[in-house]
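S.K.: Numbering of the sequence shown is given in the working numbering, commencing with residue 48 and proceeding in unit increments. Before I ask anything, let me first share the structure, which is written out below as structure tokens.
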Amino acid sequence: MPETRNWALDVAVFACAFGVVLAMTPLARKISRKAGAIDYPRERGMHDEPMPRMGGIAIVLGFLAAVAVAAFFMPEMRTGQFIGFIAGALLIAATGMLDDIFTLRARHKFALQIVAALIVVFSGTRVEFVQYPLHAYLDYFSIPFTLVWIVGLTNAVNLIDGLDGLAAGVSAIGAVCLMVLCVFSGNALAAALSAALAGSCLGFLPRNFNPAEVIMGDTGALFLGYVLAVSSVTGVFKAYALLSVLLAFLALALPIFDTLFAMIRRAFRHKPLMEADRGHLHHRLVDSGYSPKQAVVILYGLSAVTGVMAIVIAMKEARAIVVTLICVAVMLMMVYVYRRRTK
Numbered sequence: 048m049p050e051t052r053n054w055a056l057d058v059a060v061f062a063c064a065f066g067v068v069l070a071m072t073p074l075a076r077k078i079s080r081k082a083g084a085i086d087y088p089r090e091r092g093m094h095d096e097p098m099p100r101m102g103g104i105a106i107v108l109g110f111l112a113a114v115a116v117a118a119f120f121m122p123e124m125r126t127g128q129f130i131g132f133i134a135g136a137l138l139i140a141a142t143g144m145l146d147d148i149f150t151l152r153a154r155h156k157f158a159l160q161i162v163a164a165l166i167v168v169f170s171g172t173r174v175e176f177v178q179y180p181l182h183a184y185l186d187y188f189s190i191p192f193t194l195v196w197i198v199g200l201t202n203a204v205n206l207i208d209g210l211d212g213l214a215a216g217v218s219a220i221g222a223v224c225l226m227v228l229c230v231f232s233g234n235a236l237a238a239a240l241s242a243a244l245a246g247s248c249l250g251f252l253p254r255n256f257n258p259a260e261v262i263m264g265d266t267g268a269l270f271l272g273y274v275l276a277v278s279s280v281t282g283v284f285k286a287y288a289l290l291s292v293l294l295a296f297l298a299l300a301l302p303i304f305d306t307l308f309a310m311i312r313r314a315f316r317h318k319p320l321m322e323a324d325r326g327h328l329h330h331r332l333v334d335s336g337y338s339p340k341q342a343v344v345i346l347y348g349l350s351a352v353t354g355v356m357a358i359v360i361a362m363k364e365a366r367a368i369v370v371t372l373i374c375v376a377v378m379l380m381m382v383y384v385y386r387r388r389t390k
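See below:
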């Protein structure tokens with residue numbers, strides 16, 4: 048019976064987030080216009096006309112509404128750690144809103160992200176033990192490790208937010224994968240957070256998928272990265288000690304590796320690490336001939352494959368491995384078909 052109740056709660060949390068975001072997105076678009084949060088056409092951009100860019104308000108509101116529902120039924124949410132998570136989330140959302148309206152300097156955004164991450168860390172949420180590949184308790188390294196993970200993933204999602212629907216879709220896939228991993232491990236709190244995030248992302252997609260009516264901006268992208276990071280610390284790192292790093296990386300592979308490659312690319316070119324460029328994977332796909340919509344679908348597929356791989360490894364079942372191989376084959380076939388259409 049407890050399993051049934053947990054699944055029912057996860058579904059309710061998902062549905063609440065989805066419904067609130069779907070209803071609030073038009074309002075977020077109006078607020079963006081009144082606040083002057085507009086993304087104007089530019090050389091690196093993918094839009095030919097001004098676009099409201101603070102749609103992330105709807106994502107934040109939907110997530111918080113769903114979490115409030117979960118907290119009503121889950122006493123484990125009424126803790127100092129959870130309060131720290133919410134406080135950090137509000138600070139991240141405020142940082143994104145300020146950047147969408149006024150365009151903050153990179154170092155100011157980075158400083159506020161560090162403060163938000165420190166709130167989480169010192170409220171008690173941190174990675175304390177990593178058996179693979181370190182095989183050790185982190186001890187004093189627990190704080191910097193958790194800090195780098197949260198701030199890094201927060202920025203990683205923000206960096207992939209370059210095409211309509213990309214960040215929302217990839218975050219939804221990552222959230223679903225995290226939810227499944229947390230359900231397997233019995234971590235109800237992290238599963239509920241992941242369900243709320245998945246519902247928020249999917250509720251935003253109808254008005255954000257190409258051609259978009261509104262984009263999430265830093266308000267949404269930073270918030271999504273932050274919640275994914277904290278959810279993975281709460282769920283995957285706590286429950287899968289042996290494979291924690293591997294599973295977390297696979298579930299969130301696309302934003303993580305795109306960010307790492309961007310940092311390496313800029314370092315070799317002697318450019319600032321925070322300087323924007325057109326070398327991200329989604330830019331390369333578009334520049335190689337794919338349409339923005341095709342590029343987004345391809346990246347959805349890549350995210351789904353790596354996420355399924357994480358679930359397969361956690362399950363440790365031969366049948367699940369077959370499913371993964373089928374997914375990989377379908378993904379390769381999809382890339383081939385899209386490539387043929389562009390010729």
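Ideal Cβ placement from N, Cα and C applies to all residues, glycine included.
Could you tell me the boundaries of the alpha helix (DSSP H) in which lysine 340 lies?
M.R.: Run containing lysine 340: 339–362, per the alpha helix (DSSP H) assignment.
S.K.: Suppose contacts are defined by Cβ-Cβ distances below 8 Å. Is tryptophan 196 in contact with valine 261 by that definition?
M.R.: For tryptophan 196 and valine 261, no; Cβs fall outside 8 Å.
S.K.: Going straight from the alpha carbon of serine 247 to that of aspartate 211, what length do you get?
M.R.: 16 Å
S.K.: Tell me, please, whether the stretch 329–340 touches the stretch 313–320 by the rule of three or more beta-carbon pairs shorter than 8 Å.
M.R.: no
S.K.: Cutting at 7 Å between CB atoms, please list the residues of its own chain near leucine 181, excluding the five before and the five after it.
M.R.: For leucine 181, the pLDDT reaches just 49, beneath the cut-off of 50, and the residue's location in the model is therefore unreliable, although a value from the coordinates is still provided. There are no such residues.
S.K.: With 16 other CB atoms within 10 Å as the buried threshold, where does tyrosine 162 fall?
M.R.: The amino acid occupying residue 162 in the given sequence is valine; tyrosine does not appear at that position. Counting Cβ neighbours within 10 Å, valine 162 comes out exposed, since fewer than 16 surround it.
S.K.: Just verifying my parser: in three-state terms, what is the DSSP assignment at aspartate 208?
M.R.: Judged by DSSP in its simplified three-state form, aspartate 208 adopts coil rather than helix or strand.
S.K.: Return the residue from the list Ala239, Asp208, Val168 that minimises the CA-CA distance to glutamate 123.
M.R.: Ala239
S.K.: With a threshold of 7 Å on Cβ separation, who are the neighbours of asparagine 205 within its own chain once the five nearest residues in sequence on each side are excluded?
M.R.: Asp265, Ala268, Leu269, Gly272
S.K.: Over what stretch of residues does the alpha helix (DSSP H) that includes threonine 142 continue unbroken?
M.R.: 127–149
S.K.: With three or more C-beta pairs closer than 8 Å as the rule, is the stretch 226–242 touching the stretch 66–80?
M.R.: no
S.K.: Any contact of the stretch 301–311 with the stretch 163–174, i.e. 3+ C-beta pairs under 8 Å?
M.R.: no
S.K.: Does DSSP put proline 191 in a helix, in a strand, or in coil?
M.R.: Proline 191 falls in the helix class under three-state DSSP.
S.K.: Cβ atoms of alanine 309 and histidine 330: under 8 Å apart, would you say?
M.R.: Cβ distance not < 8 Å, so histidine 330 and alanine 309 don't count as in contact.
S.K.: Could you work out which residue in Phe296, Leu145, Asp57 is closest to phenylalanine 119 when comparing CA atoms only?
M.R.: Asp57
S.K.: Does DSSP put isoleucine 85 in a helix, a strand or coil?
M.R.: strand
S.K.: Rounding to the nearest angstrom, what Cα-Cα distance links leucine 145 and lysine 156 in this structure?
M.R.: 9 Å
S.K.: If you run the structure through DSSP and keep just helix, strand and coil, what is proline 253?
M.R.: helix
S.K.: Alpha helix (DSSP H) containing aspartate 265: first to last residue?
M.R.: Element bounds for aspartate 265: 264–281.
S.K.: When you compare each of Ile133, Ala215, Ala222, Lys340 to glycine 354 by their alpha carbons, which one comes out closest?
M.R.: Ala222
S.K.: Since leucine 213 and isoleucine 207 should fall inside the 8 Å C-beta cutoff, what is the C-beta to C-beta distance between them, to a whole number of angstroms?
M.R.: 6 Å
S.K.: Less than 8 Å between the CB atoms is what I'm expecting for proline 339 and asparagine 257, so what's the real figure, rounded?
M.R.: That pair is a contact at about 5 Å.
S.K.: Tell me, to the nearest whole angstrom, how far the beta carbon of valine 68 is from that of isoleucine 106; I am working on the premise that it is less than 8 Å.
M.R.: 6 Å
S.K.: Taking C-alpha atoms, which residue in Ser189, Gly216, Leu151 lies nearest to phenylalanine 169?
M.R.: Ser189
S.K.: Under 8 Å between the Cβ atoms of valine 167 and phenylalanine 284?
M.R.: no
S.K.: On the premise that leucine 301 lies in contact with leucine 244, defined as a C-beta separation below 8 Å, what is that separation, rounded to the nearest angstrom?
M.R.: Not confirmed; about 16 Å, so no contact.
S.K.: Skipping 5 residues on each side, what residues in its chain have a beta carbon closer than 6 Å to that of isoleucine 139?
M.R.: Ala163, Leu269, Phe270, Tyr273
S.K.: Measure the CB-CB distance between glycine 209 and leucine 252 and report whether it falls below 8 Å.
M.R.: no
S.K.: Can you give me the C-alpha to C-alpha distance between isoleucine 104 and methionine 263, rounded to a whole angstrom?
M.R.: It is roughly 8 Å from the alpha-carbon of isoleucine 104 to the alpha-carbon of methionine 263.
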